[in-house]
Amino acid sequence: MLPKGNLLREPRAIRVKFAKTGKLRYISHLDLCRTLNSAFLRSGIPIWYSQGFNPRPKMVFALTVSVGAESVAEFLDIRITHEMSESEIAKRLQYALTPELEILEVYRPASKLQEVAQSEYHIFTERPLDPSAVEAALQQPMVVMVHGKKGDKEKDISGQIVSVLVDSDRICARLLAGQGDFLNPENFMKGLLTSIGEPECLYLIRRVACYDADGRLFR
Amino acid sequence: MNFDLKDKILRSVVKPGRYIGGEYGEILKDKNAVKCRFAFAFPDTYEIGMSNLGVRILYGALNREEDIWCERCYSPWVDMEEQLRTHGLPMWAHESGDPLKEFDFLGFTLQYEMCYTNVVNLLDLAQIPLLSADRSEEDPIIIGGGPCTYNPEPVCDFFDLFSIGEGEDALVEICRLYINMKGNGTYTRKSFLHEAAKLPGFYVPSLYTVTYKEDGTIEAYIPVYDDIPKRITKRIMKDLDTSYYPEKVVMPYIETVHDRIMLEVYRGCIRGCRFCQAGMTYRPVREKTPEVLNEQAKKLYEATGYDEISLSSLSISDYSCLDTLTNELLEWTDEAKVSLSLPSLRVNSFTPELMEKISGVRASGITFAPEAGTQRLRDVINKNLTEEDLLRACNVAFDYGKSSVKLYFMNGLPTETDDDIRGIAELARSVVSAYYKNPKAIKNRAPTVTVSVSCFIPKPWTPFQWEPQQTMEELRRKQTVLFEAVSKMKHVTYKWHDAKTSHLEGVFARGDRRLSKALLAAHRRGLKFDSWDEFFDYDAWMAVFEECGIDPAFYANRTYSEDEVLAWDIIDCGVTKEFLKREKRKAYAEITTPSCREQCSGCGANKLGGERSCCPKATS
Chain A
4 MLPKGNLLRE PRAIRVKFAK TGKLRYISHL DLCRTLNSAF LRSGIPIWYS
54 QGFNPRPKMV FALTVSVGAE SVAEFLDIRI THEMSESEIA KRLQYALTPE
104 LEILEVYRPA SKLQEVAQSE YHIFTERPLD PSAVEAALQQ PMVVMVHGKK
154 GDKEKDISGQ IVSVLVDSDR ICARLLAGQG DFLNPENFMK GLLTSIGEPE
204 CLYLIRRVAC YDADGRLFR
Chain B
27 MNFDLKDKIL RSVVKPGRYI GGEYGEILKD KNAVKCRFAF AFPDTYEIGM
77 SNLGVRILYG ALNREEDIWC ERCYSPWVDM EEQLRTHGLP MWAHESGDPL
127 KEFDFLGFTL QYEMCYTNVV NLLDLAQIPL LSADRSEEDP IIIGGGPCTY
177 NPEPVCDFFD LFSIGEGEDA LVEICRLYIN MKGNGTYTRK SFLHEAAKLP
227 GFYVPSLYTV TYKEDGTIEA YIPVYDDIPK RITKRIMKDL DTSYYPEKVV
277 MPYIETVHDR IMLEVYRGCI RGCRFCQAGM TYRPVREKTP EVLNEQAKKL
327 YEATGYDEIS LSSLSISDYS CLDTLTNELL EWTDEAKVSL SLPSLRVNSF
377 TPELMEKISG VRASGITFAP EAGTQRLRDV INKNLTEEDL LRACNVAFDY
427 GKSSVKLYFM NGLPTETDDD IRGIAELARS VVSAYYKNPK AIKNRAPTVT
477 VSVSCFIPKP WTPFQWEPQQ TMEELRRKQT VLFEAVSKMK HVTYKWHDAK
527 TSHLEGVFAR GDRRLSKALL AAHRRGLKFD SWDEFFDYDA WMAVFEECGI
577 DPAFYANRTY SEDEVLAWDI IDCGVTKEFL KREKRKAYAE ITTPSCREQC
627 SGCGANKLGG ERSCCPKATS
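Respectively, the protein sequence lines represent chains A and B. Numbering-wise, our numbering comes out as the position in the first sequence, counting from 1, plus 3. Numbering-wise, our numbering comes out as the position in the second sequence, counting from 1, plus 26.
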């Protein structure tokens, strides 16, 4: 219904970097997908549809944060069928969303989403943690119950922790976040808080950046 | 970092997305800049409430007014309720997060009788006095509306007033009255309710005294003031083309029951099935034009990005311009990959042409509602549908590769015999054999015919409003008769509704204001979510009635006299009692009544007016 730009010879890959903060942290990945699906449709962005019996706007996400966590580093790949500038896409998409789903950047990607291997989290705790206690806990194996496809099992997660820095009520943690080797920051916090004897301490997780296997900022 | 209480609570409940608000399309205003704050409550879960078209319309209609701010609220799920009670936190409205008790109005939409305990519970969670009589000047005005308010009596102790009929204009008017009285200093709760009772379509139950006869039936409704009406005539929107219709939707983050565009095509129904309350109370029929509908559909698509449009009405195939409308919609929906769905199709309209147009093609099944198993009984209930019609429609579906058919029926209908019940099984058998006889039906795939049977509940404002609901024992016996008849049939599945829920619904449907006492007692016992199987507790309800000295059979299972004053006589919904009596007699004589389009049956609703209706103009 909306006038479209010129048809592209090949659908063009477009990456959207966005933030989900505030109330949006209570929204699951599936619900986020539905939200973005309708947002693309109402935005008039010429998104490419999956082919087949039941075509849907095709969206591919980098590993997303779990319910309860915020993120200022979410990545979504789409393709467009007709010419539209990246800035126009960003503008239209933001217009079709609430401010708590903020479009940070729209660009043509030079990397693959699968290259994400680590994530940096800022975790805000209810009260400041004792840095020396955290330091001591990180020297030990950290065994937590992990949900898996084959049920719950105990696992030592210490090998999946890249680096941790405690600054008053903020923990900066870089954890493995590859498709094959992923540490859920919730499990990290469970393990850490149990180790330092503060299992009831409330916290808020915010993903701030993603990195590749060589530790280079992912974009 | 500080974590506030609400945040802590949201972390501990399932589906916190139900309570956070903040959806795309929600309307935010400056609370200090508006003159009237209205909280619109849906007394069931967020997922159900967000799917309700009436709420969508009225939310938009109120917010269109600059100085009125309407927000939303839903029944919290039990885990959230526990948290609210533990922490003493009052229930809040979605948009602002402010407690409901700070609002000027708290409005409830009453969609089904089984939500009544949720209304009381929500008042309690909002920390608002439950009874109208106990409220002070500081409390919000509690207002009710929706289909159940065609007999609002069972809940009237909890409400300050009711809006009867369609609310688009009425709710704005009541807010205006409030704003004016606050502005000129004449507002007190008492003076406001008195003035409200003079506005067309508003019923203030506390301003009517009810007296009873010795046999327990109602003697009279007596207005407390001389200047308020003796009966409250429902409001209608006369011209639906020009009447407000929302062109935006609040887009839920979490999945809801009807997550799609709902395009309301017309109001009312030309059919007059004798068991159907909606078919009577929404009269007269008023249609929108295809041009207006197509424009609204386009705007809604652009504003929502939904990929499905559901054409909404009581019986979509009776829309006089259905062909034009679907053609105009298909001109753009196909390309936009938007599918059309047409619920409420009648079998006689189910044609190959229509089948081509609807998205239902993707699904493997199709649903029809013959309602009764024999022609005799279908004539009694005025369901103008023959076995031939049904089989023809099923064959169209089979031609298009469908193999499953769902058939809706009722048991416990007036004059019903066991032969009528067995007729349901026979009809299902005919559908199965039609499938095997159809050369185009998919080979090597067996048909599935699902027979779904609910219990008939006599409803106010229908020709069957004087009929007794059959006892649970009899309803269950009939369920067994049908079970025996279908149990040996291949490819037929039988589903039935629990008679206990239907019985309670039967009590409240025709109840009077003495039932408010039972609702209060039920609330004190913790009863809520009665429409949810996991919470419905029949035995607890019976104990409540016993404790209150109320005989549920008096309301549900009694044959009402045509001369007695009915609880809902205080309302005038357009159709006359004479018409309903006439229809009742025709039912017993097994005579059908033609649709409004074929011939006017003189129901009386034309006195309300209405554009693009098929009614003769009233002479008054």
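Glycine residues also receive a C-beta, built at the ideal position from the N, C-alpha and C atoms.
In the structure shown, L266 (chain B) adopts coil according to DSSP, grouped into three states. Between S365 (chain B) and V291 (chain B), the C-beta gap is not smaller than 9 Å, which leaves the two residues out of contact. Around N374 (chain B), the same chain offers D415 as residues with beta carbons nearer than 6 Å, after the five sequence neighbours per side are excluded.
Rounded to whole angstroms, N421 (chain B) and L453 (chain B) show a C-alpha spacing of 14 Å. At a beta-carbon threshold of 7 Å, none of the residues of chain B lie near D133 (chain A); the nearest stands roughly 16 Å away.
Residue pairing by DSSP places K156 (chain A) opposite A:V149 in a beta bridge. Listed along chain B are G331, each with a C-beta nearer than 8 Å to that of F43 (chain A). Collapsing the DSSP output to three states places N408 (chain B) in coil. Contact check for I262 (chain B) against G600 (chain B) passes: the beta carbons are separated by less than 9 Å.
About 5 Å separates the beta carbons of R82 (chain B) and P272 (chain B), which is inside the 8 Å limit, making them a contact pair. Neighbours of T38 (chain A) in chain B, taken as residues whose beta carbon is under 8 Å from its own, are Y50, M277 and Y279 in chain order. Chain B has a Cβ within less than 9 Å of the Cβ of L205 (chain A). M288 (chain B) sits in a strand when the DSSP states are folded into three classes. Counting along the chain, the unbroken beta strand (DSSP E) around P14 (chain A) starts and ends at L10 to K23. Y52 (chain A) reaches chain B at K363, counting residues in chain order whose Cβ is nearer than 9 Å. Among the residues of the region 35 to 50 of chain B, those with a Cβ less than 8 Å away from any Cβ of chain A are L36, R37, P42, G43, I46, G47, G48, E49 and Y50, in the order of the chain. Annotation: V318 (chain B) is outside any beta strand (DSSP E); the continuous alpha helix (DSSP H) that includes it extends over P316 to T330. Straight-line measurement puts the Cα of Y581 (chain B) at about 26 Å from the Cα of R404 (chain B). For C96 (chain B), the enclosing beta strand (DSSP E) stretches over residues I94 to Y100. At a cut-off of 9 Å between beta-carbon atoms, S31 (chain A) makes contact with chain B. Under the 10 Å beta carbon count, N408 (chain B) is surrounded by 16 or more other beta carbons and is classified as buried. Scanning its chain for C-beta atoms nearer than 7 Å, with the 5 sequence neighbours on each side dropped, one finds around K432 (chain B) the residues G391, T393, T476 and S478, in chain order. With 16 or more other CB atoms across the displayed protein chains lying within 10 angstroms of its CB, T330 (chain B) is buried.
Cβ atoms of W522 (chain B) and Q505 (chain B) come within 8 Å of each other, at about 5 Å. In the DSSP assignment, S217 (chain B) falls within the alpha helix (DSSP H) that extends over R215 to K224.
By the CB criterion at 9 Å, R12 (chain A) and N40 (chain A) fall outside the cutoff. Residue ranges of uninterrupted beta strand (DSSP E) with 3 or more members are absent from the region 606 to 631 of chain B; none lies entirely inside it.
V167 (chain A) carries a strand assignment under DSSP once its states are collapsed to helix, strand and coil. Take E442 (chain B), set aside five residues on each side of it, and the residues of its chain with a beta-carbon closer than 7 Å to its own are L403, in chain order.
With a threshold of 9 Å between beta carbons, V70 (chain A) makes contact with chain B. Nearest to T400 (chain B) by alpha-carbon distance, out of B:S429, B:M436, B:G449 and B:T352, is B:G449. Residue burial is scored here from C-beta neighbours: Q137 (chain B) has at least 16 other C-beta atoms within 10 angstroms and is therefore classed as buried. Across the structure, D445 (chain B) and E397 (chain B) are spaced so that their CA atoms are roughly 15 Å apart.
Distance from the CA of L27 (chain A) to the CA of L104 (chain A), rounded to the nearest whole angstrom, comes to 7 Å. At a cut-off of 9 Å between beta carbons, M436 (chain B) makes no contact with chain A. Between the alpha carbons of H113 (chain B) and S158 (chain B) lies a gap of roughly 26 Å.
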